[in-house]
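Following: one structure in structure tokens, then a few remarks.
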């Protein structure tokens, strides 16, 4: 991250150095867990948007997790929650695509201060369903956690899996200067 970007994060109240220190502390304990299951080794290092479990026979399952973060604040200001459902799916799908996988399914985790059926059914649920439709995946499960002692509004997080042949895993390590990157838009793009 550039010094300018770090400074902007710091000014907004997000501590870049604090995040790096926290991550280092977590990784000190989490990285050794890779040895706990030799049956299904990971195909990539820590640090990508998703990782891939080697299932054997040249096949892998990519997995990643992401939340909508401060987009919740925009949704609250506009009283429009369908878009964060779409965003949650899109961000998770994009994370497994980044390693070369085809997204298959995801689960969601909604932390909230209270459950309001009028909020979840027509707004957030419709957004999640629309995101799944656009991404051609299923939403195979999830959880709603009412934790008013911790959260005052809502937080939305997802976890996505995808399928990838191990010889197609893309970590970017093979990209060289002069390679061509092609992006294709489908439908409205912003």
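In the numbering used here, the protein residues as written are 17 to 206. In this text, a Cβ means the ideal position worked out from N, Cα and C, and glycines have one as well.
- Just measuring C-alpha positions, the residue of 33, 38, 62 sitting nearest residue 47 is 62.
- Just measuring C-alpha positions, the residue of 27, 152, 19, 156 sitting nearest residue 110 is 152.
- Taking the Cα of residue 119 as reference, the smallest distance to any Cα among 51, 156, 192 is reached at 156.
- One thing to note: residue 65 has its Cβ within 7 Å of the Cβ of residue 114.
- The segment 158-177 and the segment 76-87 touch, with no fewer than 3 CB-CB distances between them shorter than 8 Å.
- Bounds of the alpha helix (DSSP H) holding residue 34 are 32-46.
- Apart from sequence neighbours up to five positions away, the residues of its chain that approach residue 142 with a beta-carbon distance below 8 Å are 98, 101, ordered along the chain.
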